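See structure below.
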Amino acid sequence: MAGSNAGQSGSSATGDADVTIGLTYIPNVQFAPVYVADAQGLYNDAGVTVTVRHHGSDEGLFTALLAGQEDVVIASGDEAVVAASQGLDLVSIGQYYASYPGTVIVPADSPIATLADLKGKTIGIPGEYGSSYYATLAAIKAGGLQTSDVTISSIGYTQQAALAAGQVDAVVGFTNNDAVQMRLSGLDIREIPLDDGSTPLVAASIVTTREWAQSHPDAARAVVSATTEAMNAIAADPQVALDATAQWDTTLTDETSLGAANAVLAATVPLWLGDDARADGVQDLATWSSMVSFLSSIGVLEGDVDPSAIVTNEYADAGAQASSQS
Numbered sequence: 021m022a023g024s025n026a027g028q029s030g031s032s033a034t035g036d037a038d039v040t041i042g043l044t045y046i047p048n049v050q051f052a053p054v055y056v057a058d059a060q061g062l063y064n065d066a067g068v069t070v071t072v073r074h075h076g077s078d079e080g081l082f083t084a085l086l087a088g089q090e091d092v093v094i095a096s097g098d099e100a101v102v103a104a105s106q107g108l109d110l111v112s113i114g115q116y117y118a119s120y121p122g123t124v125i126v127p128a129d130s131p132i133a134t135l136a137d138l139k140g141k142t143i144g145i146p147g148e149y150g151s152s153y154y155a156t157l158a159a160i161k162a163g164g165l166q167t168s169d170v171t172i173s174s175i176g177y178t179q180q181a182a183l184a185a186g187q188v189d190a191v192v193g194f195t196n197n198d199a200v201q202m203r204l205s206g207l208d209i210r211e212i213p214l215d216d217g218s219t220p221l222v223a224a225s226i227v228t229t230r231e232w233a234q235s236h237p238d239a240a241r242a243v244v245s246a247t248t249e250a251m252n253a254i255a256a257d258p259q260v261a262l263d264a265t266a267q268w269d270t271t272l273t274d275e276t277s278l279g280a281a282n283a284v285l286a287a288t289v290p291l292w293l294g295d296d297a298r299a300d301g302v303q304d305l306a307t308w309s310s311m312v313s314f315l316s317s318i319g320v321l322e323g324d325v326d327p328s329a330i331v332t333n334e335y336a337d338a339g340a341q342a343s344s345q346s
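For the sequence shown, my numbering begins at 21 and goes up steadily by one.
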């Protein structure tokens with residue numbers, strides 16, 4: 021689905037900046053902070069008039085952003101670094117997920133109990149690209165293994181079927197998506213999470229171009245602050261997320277679909293919140309630096325990436341930065 025929902029953005033005061041926010045997936049409750057900030061007028065209150073745009077199924081993550089059709093996009097930090105290594109003008113201006121959702125999923129009765137137990141096993145992933153692939157390599161490293169110790173099988177988006185049929189020993193997915201869907205389908209699984217403190221990867225982030233951020237600093241701050249304000253509003257009252265998402269996700273019409281969305285939401289809220297259970301948009305610069313080094317070490321970067329140029333806290337919550345890195 022592509023295009024904006026004109027009915028979502030309320031009127032704003034004259035002089036507000038127009039900002040188009042891109043969402044890199046079909047409508048989903050994982051994007052609820054953007055929906056809620058729009059529906060409740062938080063973006064307007066912060067001084068921006070927002071158009072929400074969902075990407076088409078064959079659209080690149082950053083294509084519309086770099087073409088000027090979007091000003092900001094919610095995209096994975098690891099994929100932003102890889103794109104930046106190709107010479108693209110990208111910078112992350114705010115944290116979207118405060119913790120990393122990547123996880124190794126195995127059948128409940130599997131003998132695999134730790135990441136080290138993956139030795140000699142077959143791991144299913146969509147393909148050798150993108151966040152799932154980077155998470156797989158991070159899991160292998162965290163288990164003290166080499167890629168030669170495992171078999172990585174590209175199975176497309178069939179993780180659930182492949183795991184259920186025993187075609188693979190484990191799959192790599194996301195705790196707030198794949199794991200939730202598998203449990204809802206009745207598949208008995210266990211998760212072996214990647215250690216959040218030591219995993220050198222950053223998931224969903226608020227990404228733009230350096231050119232846009234430097235030219236529109238107030239709008240950049242407004243997007244980060246209103247989006248994170250919505251995260252905290254959702255944590256306090258999850259129903260607002262379901263209500264706002266239903267305006268975009270037309271499948272949320274029955275008890276089953278609403279129950280599934282609620283399960284995804286319950287697994288996603290902790291990802292938005294930091295250690296103090298409050299979203300503030302401030303990014304962990306040390307993790308970003310470690311991520312650049314890790315992605316370089318596994319050979320997925322096409323050129324050098326300056327860690328200090330790919331991420332900034334200049335547009336995040338000023339009060340929160342006082343006790344964080346800047």
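Virtual Cβ for every residue (Gly too), placed ideally from N, Cα, C.
Treat the numbers as computed from the prediction; the structure is a model and nothing was measured.
If you drop the 5 nearest sequence neighbours on each side, which residues of the same chain put their C-beta closer than 6 Å to that of residue i?
| i | result |
| --- | --- |
| A84 | G42, E90 |
| D269 | P47 |
| M202 | Q180, I209 |
| L157 | I318 |
| R241 | Y335 |
| F314 | P220 |
| T265 | V49, A52, Y55 |
Rounded to the nearest angstrom, what separates residue i and residue j at their Cα positions?
| i | j | result |
| --- | --- | --- |
| A246 | V92 | 13 Å |
| R230 | A185 | 46 Å |
| D337 | Q115 | 10 Å |
| S277 | T271 | 7 Å |
| A224 | G122 | 11 Å |
| V243 | V39 | 8 Å |
| Q50 | R73 | 15 Å |
| V312 | L138 | 25 Å |
| T171 | T228 | 36 Å |
| D300 | K141 | 40 Å |
| S96 | E275 | 31 Å |
| S151 | S328 | 21 Å |
| L14 | A136 | Nothing about residue 14 can be reported from this structure: the residues present for the chain run from 21 to 346 only. |
| L86 | D78 | 16 Å |
| N252 | D216 | 21 Å |
| A37 | H236 | 9 Å |
| W308 | A104 | 13 Å |
Which one of the options has the shortest CA to CA distance from residue i?
| i | options | result |
| --- | --- | --- |
| A162 | D78, I132, L214 | L214 |
| D238 | G67, T332, S225 | G67 |
| I94 | G88, L157, I113 | I113 |
| N197 | V124, P327, S173 | V124 |
| E249 | D324, V284, Y63 | Y63 |
| Q234 | E211, F82, N333 | N333 |
| Y120 | L305, R298, P290, D326 | P290 |
| D296 | F194, V222, A118, D109 | A118 |
| L305 | D169, Y154, V222 | V222 |
| Q303 | T273, I226, N252, Q267 | I226 |
| V126 | A261, D65, L81, T195 | T195 |
Should residue i and residue j be called a contact, given that it needs their Cβ atoms to be closer than 8 Å?
| i | j | result |
| --- | --- | --- |
| A287 | V200 | yes |
| I330 | A100 | yes |
| P131 | I254 | no |
| V111 | G144 | no |
| P258 | L293 | no |
| Q106 | G323 | yes |
| L204 | A283 | yes |
| D98 | Y154 | yes |
For residue i, which residues from the same chain have a beta carbon less than 7 Å from its beta carbon, with the 5 sequence-adjacent residues on both sides left out?
| i | result |
| --- | --- |
| S29 | Since pLDDT at S29 reaches only 32, below the 50 mark, its modelled position is unreliable, and the value read off the structure follows with that caveat. Excluding positions up to five away in sequence, the list reads D58, T69, V70, T71. |
| V102 | L315, V320, L321 |
Any C-beta of chain D sitting closer than 8 Å to the C-beta of residue i?
| i | result |
| --- | --- |
| D208 | Among the protein chains of the structure shown there is no chain D, as only one such chain exists. |
From the DSSP output, which residues share a beta bridge with residue i?
| i | result |
| --- | --- |
| D38 | T69 |
| F194 | G122 |
| I15 | In this structure the chain extends from 21 to 346, so residue 15 is not present and cannot be described. |
| V92 | I41 |
| Q115 | S225 |
| S174 | I145 |
| V331 | S112 |
Below 8 Å CB to CB, which residues in the same chain sit around residue i once its five sequence neighbours on both sides are set aside?
| i | result |
| --- | --- |
| Y177 | P146 |
| T134 | G163, I212 |
| E148 | I172, S174 |
| S310 | P220 |
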